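A.B. asks:
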Amino acid sequence: MGNTIRAIVAFIPADRCQNYVAGDLREMPLDKMVDLSGSQLRHFPVHVCSFRELIKLYLSDNHLNSLPPELGQLQNLQILALDFNNFKALPQVVCTLKQLCILYLGNNKLCDLPNELSLLQNLRTLWIEANCLTQLPDVVCELSLLKTLHAGSNTLRRLPGQLQRLQELRTIWLSDNLLTDFPPVLLHMPFLEVIDVDRNSIRYFPSLAHLSSLKLVIYDHNPCRNVPKVAKGVRRVGKWAEETPEPDPRKARRYALVKQESQEPQAPASPPLPPTDS
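So the number in this note's numbering is just where the residue sits in the sequence shown, counting from 1, plus 102.
(1) Determine the direct distance from the alpha carbon of L221 to that of P131, and round the result to whole angstroms.
(2) For L199, which residues in the same chain have their Cβ closer than 8 Å to its Cβ, ignoring the five residues on either side in sequence?
(3) What does the alpha-carbon distance come out to for the pair N224 and Q201?
(4) Does DSSP put V336 in a helix, in a strand, or in coil?
(5) Using 9 Å as the threshold, is the C-beta distance between L281 and N302 below it?
(6) Looking only at its own chain, which residues have a Cβ that is under 6 Å from the Cβ of N279, when we skip the five neighbours before and after it?
(7) Can you give me the Cβ contacts of C197 inside the same chain, cut-off strictly under 7 Å, excluding the 5 residues immediately before and after it?
(8) So, at 6 Å on beta carbons, what are the nonlocal neighbours of K158 in its own chain, with the 5 sequence-adjacent residues on each side left out?
(9) At 3 residues or longer, and completely inside the stretch 237-270: list those beta strand (DSSP E) runs for me, N to C.
(10) Assign G335 to one of two classes, buried (16 or more other C-beta atoms within 10 Å of its C-beta) or exposed (fewer than that).
(11) Name the DSSP beta bridge partners of A381, please?
(12) Taking the DSSP output, what are the residues bridged to L319?
(13) From the DSSP output, which residues share a beta bridge with V136?
(14) Cα separation between M291 and A191?
(15) In terms of DSSP beta bridges, what is I274 paired with?
(16) Assuming the contact rule is C-beta atoms closer than 8 Å, K341 and V329 should be a hit. Round their C-beta distance to whole Å, please.
(17) What is the DSSP secondary structure of T227, counted as helix, strand or coil?
(18) Kindly indicate which three-state DSSP category T198 falls into: helix, strand or coil?
(19) Closest by CA to S246, which one among R267, V287, D240?
(20) Anyone know if the C-beta pair for L316 and E295 falls short of 9 Å?
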């Protein structure tokens, strides 16, 4: 049904399309989720902010470049998807949503992230891939509960040493950047389970055998002279990897995403208590 509606509204002028989609949301959804992805929105429908118990809000694939301050009323929001929009800066109101666990910001025009992002101390997953980042913002290193970081398809040349503070981090995706060396900080993060440095310019890989939690390393499409050494049982995807079948990098990422989505937080039985100050 959703695809049918989108196919119909594709032929409606943008303003009328926005009124049609937003006008259909007048009551709090029973599943506490609003999905306005691909709705050709240019302005966020403010009346959605009246749904105070909302848990999930998907605004992917629109034409948004700002958000109203009223969004701050959604203090129970745990998942917010703003990917595939036109944001040049992250709206400050997003940093007030302290219950956020998953934040999708990929495929925008972000050159940096505000220091106020550090207020989101419940954040477990951050997607910032395909933006205009020339360096990983230092504020990311202050998200102490972060488990998954997607920072591929930017122009990163190095990673900050402070990244090793993120001792809950398990998966880091850095494909399609400008890394010429394997990031030294990752060698001091034995808790990492998945490292993806596919499609960079790394010429030499140090041994990763001491990374005791490592399960998968993707290093394909690098001009490397050697294969990274890993502990027994760790899967490698790239040049000179074992002859046993290895997962395609795209399939590996897709598998990780499906697994992550299946573990998305469920709506709590009662509204969460205000954070003690995420």
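For glycine and all other residues, C-beta sits at the position ideal for the given N, C-alpha and C.
Fair warning: this is a prediction, and the values are worked out from it, not measured in the lab.
C.D. replies: Taking the geometry as given:
(1) Counted from its first residue, the sequence shown places residue 131 at position 29. Counted from its first residue, the sequence shown places residue 221 at position 119. Rounded to whole angstroms, P131 to L221 spans 28 Å at the Cα level.
(2) Numbered from its first residue, the sequence shown carries residue 199 at position 97. Excluding residues within five positions, the ones whose Cβ falls inside 8 Å are L173, G174, L176, Q177, L179, L182, L222.
(3) Numbered from 1 along the sequence shown, position 122 holds the residue referred to as residue 224. Numbered from 1 along the sequence shown, position 99 holds the residue referred to as residue 201. Rounded to whole angstroms, N224 to Q201 spans 6 Å at the Cα level.
(4) By 1-based counting over the sequence shown, the position of residue 336 is 234. Three-state result, V336: coil.
(5) Indexing the sequence shown from 1 puts residue 281 at position 179. Indexing the sequence shown from 1 puts residue 302 at position 200. For L281 and N302, yes; Cβs fall inside 9 Å.
(6) Here residue 279 refers to the residue found at position 177 of the sequence shown. Counting only Cβ-Cβ distances below 6 Å, and skipping sequence neighbours, we find N256, L258, N302.
(7) Indexing the sequence shown from 1 puts residue 197 at position 95. For C197, where only same-chain residues beyond five positions count, the Cβ hits under 7 Å are P216, E218, L219, L221, L222.
(8) Along the sequence shown, read from residue 1 onward, the residue named residue 158 stands at position 56. Same-chain partners within the cutoff: M135, I181.
(9) Here the runs fully enclosed are 250-252.
(10) Counting from one through the sequence shown, the residue named residue 335 turns up at place 233. With fewer than 16 other Cβ atoms within 10 Å, it is exposed.
(11) Because residue 381 is not part of the residues shown, which for the chain are 103 to 380, the question remains open.
(12) For this step, residue 319 is matched to residue 217 along the sequence shown. Here residue 319 turns out to be Val, not Leu, going by the sequence shown. BP columns for V319 point to I297, R338.
(13) Residue 136 sits at position 34 when you count from the first residue of the sequence shown. Answer is L159, bridged to V136.
(14) Looking up residue 291 in the sequence shown gives position 189. Looking up residue 191 in the sequence shown gives position 89. For the pair M291 and A191, the Cα-to-Cα distance works out to about 30 Å.
(15) Stepping through the sequence shown from its first residue, residue 274 is reached at position 172. In the DSSP assignment, I274 forms a beta bridge with L251, I297.
(16) By 1-based counting over the sequence shown, the position of residue 341 is 239. By 1-based counting over the sequence shown, the position of residue 329 is 227. Yes, K341 and V329 are in contact; Cβ-Cβ is about 7 Å, under 8 Å.
(17) For the purposes of this step, residue 227 is taken as residue 125 along the sequence shown, with counting starting at 1. Residue state, collapsed to three classes: strand.
(18) Translated into the one-based positions of the sequence shown, residue 198 becomes position 96. Residue state, collapsed to three classes: helix.
(19) Here residue 246 is taken as the residue at index 144 of the sequence shown, counted from 1. Nearest neighbour of S246 by Cα position, chosen from R267, V287, D240, turns out to be R267.
(20) Residue mapping note: residue 316 aligns to position 214 of the sequence shown, counting from 1. Residue mapping note: residue 295 aligns to position 193 of the sequence shown, counting from 1. Yes, the pair counts as a contact, with Cβ atoms nearer than the cut-off.
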